[in-house]
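Colleague: Sharing a structure with you now.
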Amino acid sequence: MSDKLDKEQRLLELRKACIEFFNGIYKDKQKILVFGEGNVDARMVLVGEAPGEQETIKQRPFVGQAGKNLDEFLDIVGINREDIYITNTVRFRPFKVNPKTGRTSNRPPRKEEIELCRPWLYKELGIIMPELVVSLGNTPLRVLADDKNISIGDVHGKPMDIKTGQDISFKLFPLYHPASIIYKRALKDVYIEDLNRLKEYLK
Ligand code: URA
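So for the sequence shown, our numbering puts the first residue at 35; every next one is plus one.
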């Protein structure tokens, strides 16, 4: 079996195991899971926070508004989406329901949700074995750096060496989450600067 097919097979098995695991955890309120996608041989993996509504409907990461922002970012760096692998820290959409309207909206993932998802991200990275992981925002940064106090404001654009307990090592390149640029326009220049740094780094 080629290395690529082997990775695809292992990812498929990982997904099956992950579905079984979360069906067991959330027996009454089963979650729709969204897995990573892209080039399994990619040298670079992008890790977001969690799927939103559109991602859950389509069961693909970064296909809603955040996906549009991500595509703009990939354009700046000169990367094709098909060439990389994209995944999330949390496998399902964290949402809340407005009791008056019954409408759902996104919320930040809870600590226990992040911890339940952590091993699945490590296992996924252990199959892809990227050289570089780009984290988007605080959630993937804290999981991948294994440091709950680290803050994107302090380390954005600064690559760091990561070695996980599972013997996976890679360079971590922390970026702000593309959605945070929409809420804080002042970050835009910093973000573009970080992207140019990443571009240089990839050369
Ligand atoms: N935000 C994320 O972090 N991931 C997605 O897949 C969509 C929005």
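Glycine included, every Cβ here is placed at the ideal spot set by N, Cα and C.
For TYR119, which beta-bridge partners are listed by DSSP?
Modeller: DSSP output for TYR119 lists GLY72 and VAL79 as bridge partner(s).
Colleague: To the nearest angstrom, how far is it from the Cα of PHE56 to the Cα of GLN64?
Modeller: C-alpha separation (whole angstroms): 8 Å.
Colleague: Check the C-beta distance from LEU80 over to ILE110 and give it rounded, since I have them as a contact under 8 Å.
Modeller: That pair is no contact at about 14 Å.
Colleague: Taking a contact to mean a Cβ-Cβ separation below 9 Å, would you say THR198 touches TYR225 in this structure?
Modeller: Contact flag unset, no.
Colleague: For a test of the three-state rule: what should DSSP assign to LEU178, helix, strand or coil?
Modeller: Of the three classes helix, strand and coil, the one that applies to LEU178 here is helix, per DSSP.
Colleague: Kindly identify the DSSP beta-bridge partner or partners of MET194.
Modeller: Per DSSP, LEU206.
Colleague: What's the gap between the Cα of VAL124 and the Cα of GLU83?
Modeller: Computed Cα separation, rounded: 6 Å.
Colleague: Using the Cβ count rule (16 or more neighbours within 10 Å means buried), how would you classify PRO133?
Modeller: Exposed, because fewer than 16 other Cβ atoms sit within 10 Å of the Cβ of PRO133.
Colleague: So, with DSSP's three-state summary, where would you put PHE55?
Modeller: In this structure, PHE55 counts as helix in the three-state DSSP scheme.
Colleague: State the beta-bridge partners of VAL168 as determined by DSSP.
Modeller: Note: VAL168 sits in a beta bridge opposite LEU80 and PHE207.
Colleague: DSSP state of VAL131, grouped into three classes?
Modeller: It is a strand residue.
Colleague: Compare the beta carbon distance of LEU170 and LEU232 with 9 Å and say whether it is the shorter of the two.
Modeller: Contact: no.
Colleague: For SER139, report the span of its beta strand (DSSP E) as first-last.
Modeller: Note, SER139: beta strand (DSSP E), 138-140.
Colleague: Would you give the residue range spanned by the alpha helix (DSSP H) that ASN103 belongs to?
Modeller: Run containing ASN103: 99-111, per the alpha helix (DSSP H) assignment.
Colleague: Can you give me the Cβ contacts of SER214 inside the same chain, cut-off strictly under 7 Å, excluding the 5 residues immediately before and after it?
Modeller: Once the five neighbours on either side are set aside, the close Cβ partners of SER214 are GLY171 and LEU221.
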